[in-house]
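Under our numbering, think of the first position of the sequence shown as -5, with each following residue one higher.
Quick reminder that beta carbons are idealized off the backbone N, C-alpha and C, glycines included.
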Amino acid sequence: MEIPNNRLLPDTANINGLGHLEIGGMDVVDLAKRYKTPIYLYDEMTIRNRMREFVSSLRETYSKSKVLFAGKAFLIKRIVKITEEEGLGLDVVSGGEIYAAKEAGFPMENVYFHGNNKTMEELSFAINTGVGSIVVDNLSELKFLSSLVKRRPVNILFRLTPGVDPHTHSYINTGRVDSKFGFQLDSDDLKEAIGIVKSDTFLNFTGLHCHIGSQIFDTGFFRMASEIMAKQTVEFTRKWDLPVKELDLGGGLGIAYKPEDDPPTPKEMAVAIADPVGEICNREGIELPLLILEPGRYIVGNAGITVYTVGAIKEIPGIRKYASVDGGMADNPRPMLYQAQYTAFLANKMREHPRDVFTIAGRFCESGDILIDKAYLPRLERGDILVVSATGAYNYSMSSNYNMVPRPAVIGVKDGKEDIWVEREDYNDLVRLHR
Ligand code: LLP
């Protein structure tokens, strides 16, 4: 086995003298022994590198720009801190995410609040904590918000549905016309919303937003959406006299989960998005808006790995070999939800060559709890430390306690030191709220 050079694993991944996988200068096998498994292991350097790369790629392409980290991919206090230190804003989608940001001392004016059905409590909480902007998803929400805001003006953006289908998995595809998210272009709802915003002095219209989907590999879709949104920018500014100061075109950049995956770079995404905005606004003589992007998966996806211990191994002759690990669908529901494919490594046998194909099964009571259908691995034994790469995004944040199994610890590594970012849950945590 060797370290693939396509950024599947964190930037600091290495093989040490013992033939063990090393991340952030720490021996993963040793961490597994000391902290037990499963563990979500994050390389802080990779997270910071990805944030810096994204910010500079966009800035080099388009001067008036801002990057928000999409917290839904992985929001814990430590990540909020890193986001602030690296100068990014934050995209949140719930009262809980606002609370975590506030608890971590994040500058709330740099927070954007999304969601297709924000509750009254969440909207009031956002207003009271000074959340910078609310991205209004639909007419019903706008009316509701207008009835709530009576003292200080709030900044709002409209989420539009540009009708671009990025050919990603249908569950993570949000830009099509038939989507629960956003205003349909040229709809009666949108016209009514424009009327409301123009007459309500407490609703300060700042711009437009869209997000077409996630894990996108073809930047052509970003370009199409950007063209449509740039035209809307002209229309809002000219026809409706609502200048678009901010144009937030969402996240969605894909990452590598398998060695053969070759996703575009942030620079390629930035160019695909910035070009139409620059061209169309300059041609129409409209002031360039602040261009905002909201990557989630790209920032944290390849920075995280999940570390498991191999338990039961069984062979069904002529059919397949199962190797079961001490985690599965509760810490990584993505294979079951989206047929997501992952890559495995044996952290204690990094210099041994793959000899066999295994199906990596989870420990949960469901036959569909399969993490990897075909994993090419060296000689496998009970007790081996199996790592699944690229689990940094939408794994911890979508985890559950299915089968009453406590959630794993989240451990961050940097410069040869480890730090517990989230404690491992224990049995007491599982019954803490039961009455
Ligand atoms: N902005 C908005 C408004 C979004 O809805 C999303 C993701 C993002 C930004 C960040 O997108 P990213 O850069 O991470 O692709 N649970 C699914 C992904 C759901 C994405 C939801 N929205 C998964 O595990 O693949």
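Continuous alpha helix (DSSP H) stretch holding residue i: start and end
i: Arg228; result: In the sequence as presented, Arg is not what sits at residue 228; that position holds Val. Taken as a continuous stretch (DSSP letters only), the alpha helix (DSSP H) holding Val228 covers Thr213 to Arg232.
i: Ser51; result: Glu38 to Thr55
i: Gly272; result: Pro260 to Glu278
i: Gly119; result: Contrary to the premise, residue 119 reads as Phe rather than Gly in this sequence. Where Phe119 is concerned, the enclosing alpha helix (DSSP H) stretches over Met114 to Asn122.
i: Ser193; result: Asp182 to Ser193
i: Glu79; result: Lys71 to Glu79
i: Lys30; result: Where Lys30 is concerned, there is no enclosing alpha helix (DSSP H), given that its DSSP letter is neither H nor E.
i: Glu135; result: Leu133 to Leu142
i: Ile313; result: First-last for Ile313: undefined, no H or E at that position.
i: Asp242; result: Here Asp242 belongs to no alpha helix (DSSP H); instead the beta strand (DSSP E) covers Glu240 to Asp242.
i: Tyr332; result: Arg328 to Tyr332
i: Val425; result: Tyr421 to Val425
i: Ile210; result: Ile210 -> no alpha helix (DSSP H), and no H or E assigned at all.
Residue i: CB within 7 Å of a non-hydrogen atom of ligand 1
i: Asp409; result: no
i: Arg44; result: no
i: Leu424; result: no
i: Ala387; result: yes
i: Lys66; result: yes
i: Arg291; result: yes
i: Gln335; result: no
i: Leu82; result: no
i: Gly298; result: no
i: Glu91; result: no
i: Tyr34; result: no
i: Tyr332; result: yes
i: Leu12; result: no
i: Met323; result: no
i: Arg328; result: yes
i: Glu288; result: yes
i: His108; result: yes
i: Ser208; result: yes
i: His205; result: yes
i: Leu284; result: no
i: Asp85; result: yes
i: Gly356; result: no
i: Leu247; result: yes
i: Met392; result: yes
i: Gly244; result: yes
Nearest-angstrom Cα separation, counted from residue j out to residue i
i: Pro258; j: Leu247; result: 7 Å
i: Leu287; j: Gly295; result: 17 Å
i: Pro253; j: Phe339; result: 12 Å
i: Ala334; j: Asp255; result: 12 Å
i: Gly18; j: Arg145; result: 49 Å
i: Ile70; j: Gly312; result: 45 Å
i: Val130; j: Asn326; result: 31 Å
i: Val381; j: Met20; result: 14 Å
i: Met323; j: Pro400; result: 13 Å
i: Ala432; j: Leu52; result: Limits of the chain in this structure are -5 at one end and 429 at the other, which puts residue 432 out of reach.
i: Asp172; j: His205; result: 14 Å
i: Ile150; j: Val238; result: 11 Å
i: Glu16; j: Ile414; result: 17 Å
i: Phe199; j: Arg277; result: 24 Å
i: Arg376; j: Tyr336; result: 21 Å
i: Asp194; j: Glu221; result: 29 Å
i: Leu184; j: Glu262; result: 32 Å
i: Val74; j: Glu80; result: 10 Å
Whether residue i touches residue j by CB criterion (8 Å)
i: Asp37; j: Phe63; result: no
i: Tyr56; j: Gly214; result: no
i: Ser88; j: Gly109; result: yes
i: Ile33; j: Ile366; result: no
i: Thr353; j: Thr31; result: no
i: Leu133; j: Leu202; result: no
i: Met39; j: Lys408; result: yes
i: Ala67; j: Ile249; result: no
i: Ser59; j: Leu285; result: yes
i: Leu243; j: Met223; result: yes
i: Phe152; j: Val125; result: no
i: Gly189; j: Ala297; result: no
i: Ile121; j: Ile76; result: no
i: Leu35; j: Val22; result: yes
i: Pro270; j: Gly321; result: no
i: Leu139; j: Leu117; result: yes
i: Leu3; j: Ile9; result: no
i: Ser208; j: Arg291; result: yes
i: Ala341; j: Ile307; result: no
i: Asn389; j: Cys359; result: no
Residue i: first and last residue of the uninterrupted beta strand (DSSP E) it sits in
i: Gly89; result: Run containing Gly89: none in the beta strand (DSSP E); it sits in the alpha helix (DSSP H), Gly89 to Glu97.
i: Ala355; result: Asp350 to Ala355
i: Asn149; result: Val148 to Thr155
i: Asp413; result: Lys411 to Val416
Closer than 7 Å: residue i CB and nearest ligand 2 heavy atom
i: Ala324; result: Within the structure as shown, ligand 2 is missing, the only ligands being ligand 1.
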